[in-house]
Amino acid sequence: MSNKHSVLLKEDKCEGCTNCVKNCPTKAIRVHQGKATIKEDLCIDCAECIRTCQYHAKYAETDDLEKLKNFDYNIALLAPSFYGQFDRKLNPEKIKKAVYKLGFDEVWDVAYAAEAISKKTKQFLTKNNGTYISSSCPVIVRLISLLYPELLDNIVPFNSPVDLMADYVDKKVDKNKINNYSIFFITPCPAKVTAIKNPLGRENSNLTGAIAVEKIYPKIMNIIKNNDLKNVKLKQKYQPFLGISWGQSGGENDILNNEGVIETLSVSGIHNIKKLLDELTRGNLKGIRYLELVACPTGCVGGIFNVSNPYQAKYNIKSNTRSKKDFIEQNLEDYNFKLDEKIKEIGAEKLDDDFIKAMDKLEKLEQLIESLPGLDCAACGAPDCETFAEDVVNGLAKKSDCIFVLRKEIGDLADQLSLLTHELPPVMNDKDTKKNNNSNE
Amino acid sequence: MKKKKIIDSEIKKRDFASGGEVSSKLKSLLRKLGVNNKDIRRTSIITYELEMNLIIHSEGGKLKAFIDTEEIIIVSDDNGPGIKDIDRAFEPGYSTATDDIRELGFGAGMGLNNVKRFSNDIEVESKPGEYTKLKAIITIEK
Numbered sequence: 213m214s215n216k217h218s219v220l221l222k223e224d225k226c227e228g229c230t231n232c233v234k235n236c237p238t239k240a241i242r243v244h245q246g247k248a249t250i251k252e253d254l255c256i257d258c259a260e261c262i263r264t265c266q267y268h269a270k271y272a273e274t275d276d277l278e279k280l281k282n283f284d285y286n287i288a289l290l291a292p293s294f295y296g297q298f299d300r301k302l303n304p305e306k307i308k309k310a311v312y313k314l315g316f317d318e319v320w321d322v323a324y325a326a327e328a329i330s331k332k333t334k335q336f337l338t339k340n341n342g343t344y345i346s347s348s349c350p351v352i353v354r355l356i357s358l359l360y361p362e363l364l365d366n367i368v369p370f371n372s373p374v375d376l377m378a379d380y381v382d383k384k385v386d387k388n389k390i391n392n393y394s395i396f397f398i399t400p401c402p403a404k405v406t407a408i409k410n411p412l413g414r415e416n417s418n419l420t421g422a423i424a425v426e427k428i429y430p431k432i433m434n435i436i437k438n439n440d441l442k443n444v445k446l447k448q449k450y451q452p453f454l455g456i457s458w459g460q461s462g463g464e465n466d467i468l469n470n471e472g473v474i475e476t477l478s479v480s481g482i483h484n485i486k487k488l489l490d491e492l493t494r495g496n497l498k499g500i501r502y503l504e505l506v507a508c509p510t511g512c513v514g515g516i517f518n519v520s521n522p523y524q525a526k527y528n529i530k531s532n533t534r535s536k537k538d539f540i541e542q543n544l545e546d547y548n549f550k551l552d553e554k555i556k557e558i559g560a561e562k563l564d565d566d567f568i569k570a571m572d573k574l575e576k577l578e579q580l581i582e583s584l585p586g587l588d589c590a591a592c593g594a595p596d597c598e599t600f601a602e603d604v605v606n607g608l609a610k611k612s613d614c615i616f617v618l619r620k621e622i623g624d625l626a627d628q629l630s631l632l633t634h635e636l637p638p639v640m641n642d643k644d645t646k647k648n649n650n651s652n653e
Numbered sequence: 703m704k705k706k707k708i709i710d711s712e713i714k715k716r717d718f719a720s721g722g723e724v725s726s727k728l729k730s731l732l733r734k735l736g737v738n739n740k741d742i743r744r745t746s747i748i749t750y751e752l753e754m755n756l757i758i759h760s761e762g763g764k765l766k767a768f769i770d771t772e773e774i775i776i777v778s779d780d781n782g783p784g785i786k787d788i789d790r791a792f793e794p795g796y797s798t799a800t801d802d803i804r805e806l807g808f809g810a811g812m813g814l815n816n817v818k819r820f821s822n823d824i825e826v827e828s829k830p831g832e833y834t835k836l837k838a839i840i841t842i843e844k
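Protein chains in written order, with our numbering: chain Y, 213 to 653; chain U, 703 to 844.
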C-alpha cells in the first residue's frame, strides 16, 4: 500500500502489456520483468491506467463502511456528481436521507461549498487580471505542479469545494460533546483520496477518509426501495441545485456565465487539458479569464468510482438543474477559502541539481535519442524512446533493453564472429583445416 | 562556459501543423536543465511568437536556442521577405499580415511587441527582399 497514492497495481493480474504505460499522461508507468510499476513521484492519481487496463490490474483504494464503527459520530459529505447516479425522479432530498440510513449522523452537500466558490471566484476575477484555472479538480492541480509549474500562479488560490466543506463541517462539530468523530467523503474518484492522504496547498485535510460511490450505491438503492425516509431530518435545509451542476463538466462555467462572467471555458479529459495548458504556457490563449478544467471526460460524473455511465449521469444532472438559477442563501464569511500555503512544484523533471551536470546529461540524452529507432513502441517498458533515453541516462534502464538496439548489437556480434571464423592463424593453411575436419568425422 | 546550442530547427513557410513544436521542445529541455519557472514561461512565449512569425510571415527559416548558466538566446533566421521598417514592426498592432492570415486568427500585430516585452534584450537585422535575423536574449534569474 502506498501512503501517498490511491491508484495501485495488482501485480498478479498484470500481463506486462504496456497499454497503461503509453496512455499515462505523466509518463509515470514502466513495465519491467513483465510487471508494471508506478513511479510515485510522477503519479497524479488520474486513473487513466485503471480505465485503460483490460486485465483490471490497476485499482484504487478507498475506505469501507465498516470504518464507521471506529467512531462515535459519523459525518458524510456528498459530491455534486453523486446525484448524477440516480434517475431524475429521485430528488436530492430522498437520496441524502438514504445516506443517513447507512449509519451516518450527519450528511452534507459539498455543492453548498461549490456555490460559495462560484461567488468567491467572481469576486476574485474582478480584482485580478489574467487567466485563472479552477482549483477544484485535484488531478489538474497535481498535473500543473508536476508538468506546468510555470502556471502555478494561474490556479485560483482557493481550497477545493470538498476541503472547504470539510473545514466548514468540522468547525460546526461541538467538540465538547463529541470528540471521536469522522468526516467521510463519498468519492467519485481516487484523486480525492490522495488529496486527503497527501494534500497540496494545505497542511492536512479535515477529512477522515473517503468511501467510493460504488461501495455504497447498491445499499442506497435498497434503502430507497424498502425504507420510509419521512422521519429522517436533514442538516441542510435547501437543495443546492446550482452547486450540484458542478458535478458535470461545464457546470462551474455555466454558473459564472449566469453571473455575468462570460470569458470562461470548460475543458474536460486530461489529454485535452494538457494540450490546452501547452497553449496557455505559450501565451496562445486570448481573452479567456477562467478555465474550468476537469480531468475526467464529462466531469466528476466520469470518475471511475461512479456506477452510472458518465453520459447518463451528465444528463441526469443537467436535467435536474436546468431550470434552476438561484444560489442558496449562505454567508461567504463562514468559509475559509484561502490555502494554507502556496502550491509547490513537484519538480521531478530535472536531470541534475547542478546546471553543468544537467547539461552533460542532456547532451548524452540527445545522442542516445539519435541512436534509438524513434518508433515509441514501448517494448522496453518505457512509453517512448525519449523517456527511455532519460531512464538510461539516469541509470534506471540499460540501452540494450531496446529490442532494436539489442538486435543490432547481436547482428554486429554475429558479423564479427563470422569474420573471425574466416581469419586463420598464420601457422595453419586450408589443408590443415580439411585434415582437422576429416579427423572429426 | 561556452554557450551550448540546444535547439536547431528548420521551420517551413505556412506549416501551421508544426506550430508550437519548437516552443514545447525547448520548454521540456529547460525543465530538464532546472531553469526557473518564470524564465521558462517567458522563453516559451518568445519562442512561440518567433516560431509562428517564421510560419506566417517568412519564406521559411531556422530557429535556434543557446544556453549557458547566465542566459538563454533565441535566434530566428529567415530567408525573407525582410522587414522594411524595423521600428514600426515593434509597435503594438502593426501588422503586414494578409487577409487570409487574419482570417485564421493570426496577424494581430502583437508578435514582435510581445517578443520585446518578454526579452531582456533584442537585436534585429534585416534586409528587405532578403532576410531577417532576430536575436532575443533572456537573462536567467538566479
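For every residue, glycine included, the Cβ atom is placed at its ideal position computed from N, Cα and C.
By the beta-carbon neighbour count (other beta carbons within 10 angstroms, threshold 16), residue 442 (chain Y) is exposed.
Under DSSP, residue 725 (chain U) shares a beta bridge with no residue.
Against chain U, the CB of residue 283 (chain Y) has no partner CB under 9 angstroms away; the residue lies outside that interface.
CA-to-CA, the gap between residue 241 (chain Y) and residue 259 (chain Y) works out to about 12 angstroms. For residue 750 (chain U), the residues of chain Y that pass the 7 angstroms Cβ criterion are 494, 495, 496, in the order they occur in the chain. Within chain Y, no C-beta atom comes less than 8 angstroms from the C-beta of residue 815 (chain U); the nearest is roughly 12 angstroms away. Proximity to residue 778 (chain U) across U:704, U:703, U:711, U:739 peaks at U:711, based on C-alpha coordinates. A distance below 6 angstroms between beta-carbons, with the five flanking residues on each side excluded, links residue 791 (chain U) to the following residues of its chain, in chain order: 785, 814. Burial state of residue 830 (chain U) is exposed, judged by a 10 Å Cβ sphere holding fewer than 16 other Cβ atoms. For residue 634 (chain Y), the enclosing alpha helix (DSSP H) begins and ends at 615-634.
Among the residues of chain U, those whose CB is under 8 angstroms from the CB of residue 567 (chain Y) are 735, 736, 771, following chain order.
Annotation for residue 759 (chain U): the continuous alpha helix (DSSP H) segment containing it runs 739-759. Listed along chain U are 733, 734, 735, 736, each with a C-beta nearer than 8 angstroms to that of residue 562 (chain Y). Put simply, of Y:299, Y:634, Y:470, Y:404 the residue whose alpha carbon is nearest the alpha carbon of residue 524 (chain Y) is Y:299. Short of 7 angstroms from the beta carbon of residue 408 (chain Y), and not among the five residues preceding or following it, lie these beta carbons of its own chain, in chain order: 417, 419, 421, 422. In this structure the region 751-759 of chain U touches the region 718-725 of chain U; the number of beta carbon pairs closer than 8 angstroms is three or more. Ranking Y:481, Y:227, Y:476 by CA distance to the CA of residue 499 (chain Y) puts Y:476 first.
Under the Cβ criterion of 9 angstroms, residue 251 (chain Y) is not counted among the residues facing chain U. Separation of the CB atoms of residue 826 (chain U) and residue 788 (chain U) is rounded to 5 angstroms, and the pair is thereby assigned contact status at 8 angstroms. Restricted to the region 515-590 of chain Y, the alpha helix (DSSP H) segments that are unbroken, complete and at least 4 residues in length are 522-533, 567-583, listed in chain order. In the displayed model, residue 483 (chain Y) falls within a helix according to three-state DSSP. Within a 10 Å sphere around the beta-carbon of residue 800 (chain U) sit fewer than 16 other beta-carbons, which makes this residue exposed. Pairing residue 400 (chain Y) with residue 518 (chain Y) gives a Cβ-Cβ distance under 9 angstroms. No Cβ of chain Y is located within less than 9 angstroms of the beta carbon of residue 824 (chain U).
For the pair of segments examined, the region 436-456 of chain Y was found to touch the region 312-323 of chain Y: the number of CB pairs separated by less than 8 angstroms reaches three. Under a criterion of Cβ atoms nearer than 7 angstroms, the residues of chain Y adjacent to residue 729 (chain U) are, in order, 493. Chain-order list of chain Y residues neighbouring residue 726 (chain U): 490, 493, 494, by C-beta distance under 9 angstroms.
Distance from the CA of residue 635 (chain Y) to the CA of residue 599 (chain Y), rounded to the nearest whole angstrom, comes to 42 angstroms. Annotation for residue 616 (chain Y): 585 place their beta carbon closer than 7 angstroms to its own, counting only its chain and skipping 5 residues before and after. Residue 222 (chain Y) and residue 269 (chain Y) have their C-alpha atoms spaced approximately 5 angstroms apart. Between the alpha carbons of residue 828 (chain U) and residue 762 (chain U) lies a gap of roughly 15 angstroms. The beta carbon of residue 485 (chain Y) sits closer than 6 angstroms to those of 479, 505, all from its chain and outside the five residues before and after it, given in chain order.
Residue 308 (chain Y) has a beta carbon lying at 9 angstroms or more from every beta carbon in chain U.
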